[in-house]
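In what follows, a structure is listed as structure tokens, so that the remarks can point back to it.
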Amino acid sequence: PYNDVGPFHKDKWFWDLGCGKINKNYQRVKIWISILSDNKKLGFRFVRGSAAKNFEFDSEFRNHIVKPIFDDKRLKKEKIESVRGKNGSFIIFNDELLHAGEVINSKKCRLSLEFTFCCNKKNILNLFKFLK
550 PYNDVGPFHK DKWFWDLGCG KINKNYQRVK IWISILSDNK KLGFRFVRGS AAKNFEFDSE
610 FRNHIVKPIF DDKRLKKEKI ESVRGKNGSF IIFNDELLHA GEVINSKKCR LSLEFTFCCN
670 KKNILNLFKF LK
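In terms of my numbering, the sequence shown has 552 at position 3, counting the first letter as 1, and numbering is strictly consecutive.
Encoded structure:
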């Protein structure tokens with residue numbers, strides 16, 4: 550399980566490193582959904598308020614793509630939160646949220662889905678009203 554859990558990163562960093570382009574009038578919104586977990590921790594960690602902060606990161610070419618590398622030792626453990634809930638719980642977040650996977654101590658596999666939506670910045674509030 551330790552090889553299958555992504556390290557801390559902002560999804561925006563992949564775009565900054567050239568893994569795609571987006572029109573400047575659009576904003577990326579992420580939705581992560583827990584499908585299967587055998588624990589109240591669902592396998593997603595994040596740092597509250599991190600979307601508004603700049604963090605330095607490096608990059609490396611791995612598995613045919615340039616990937617961001619972030620030293621999470623700089624994070625204070627008390628700032629890291631786990632998404633908790635039951636199967637079917639989800640989190641909607643800005644692609645600038647610093648987040649990572651989380652190892653779940655269980656005999657069951659952790660399974661989740663993640664989607665990226667590109668929303669017109671003028672209409673993004675309508676998306677959140679719809680999802681409420």
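Backbone N, C-alpha and C define an ideal beta-carbon position, used for all residues, glycine too.
Please state if the CB of residue j and the CB of residue i are separated by a distance shorter than 8 Å.
i    : j    : result
V652 : L624 : no
F593 : W581 : yes
G650 : V554 : yes
D560 : D620 : no
L591 : C658 : no
K635 : Q576 : no
N588 : S655 : yes
L566 : S599 : no
C668 : I571 : no
Around the C-beta of residue i, are 16 or more other C-beta atoms found within 10 angstroms, so that it is buried, or is it exposed?
i    : result
H558 : buried
H613 : exposed
P556 : exposed
L660 : exposed
F642 : buried
Excluding the 5 residues preceding and the 5 following residue i in the sequence, name in chain order all residues of the same chain whose CB lies nearer than 6 Å to its CB.
i    : result
V632 : L591, F593 and I640
F664 : I580
Give me, in chain order, the residues of the same chain whose beta-carbon lies closer than 8 Å to that of residue i; leave out the 5 immediate sequence neighbours on both sides.
i    : result
E609 : V615, K616 and I618
E630 : R594, F595, V596 and R597
K626 : none
Taking the C-alpha atoms as reference points, what is the distance between residue i and residue j?
i    : j    : result
S606 : N672 : Reading off the sequence, residue 606 comes out as Phe, not Ser. Going from the Cα of F606 to the Cα of N672 covers about 31 Å.
K628 : N574 : 32 Å
C568 : R611 : 13 Å
K602 : K622 : 16 Å
Grab me the residues of residue i's own chain with a C-beta within less than 7 Å of its C-beta, minus the 5 sequence neighbours each way, in chain order.
i    : result
L662 : I582 and I584
F604 : F619 and L647
By DSSP's criteria, residue i is part of a beta bridge. Which residues make up the other side?
i    : result
V652 : V652 pairs with nothing; no bridge assigned.
D607 : I618
V596 : I629
I641 : I580
C668 : Q576
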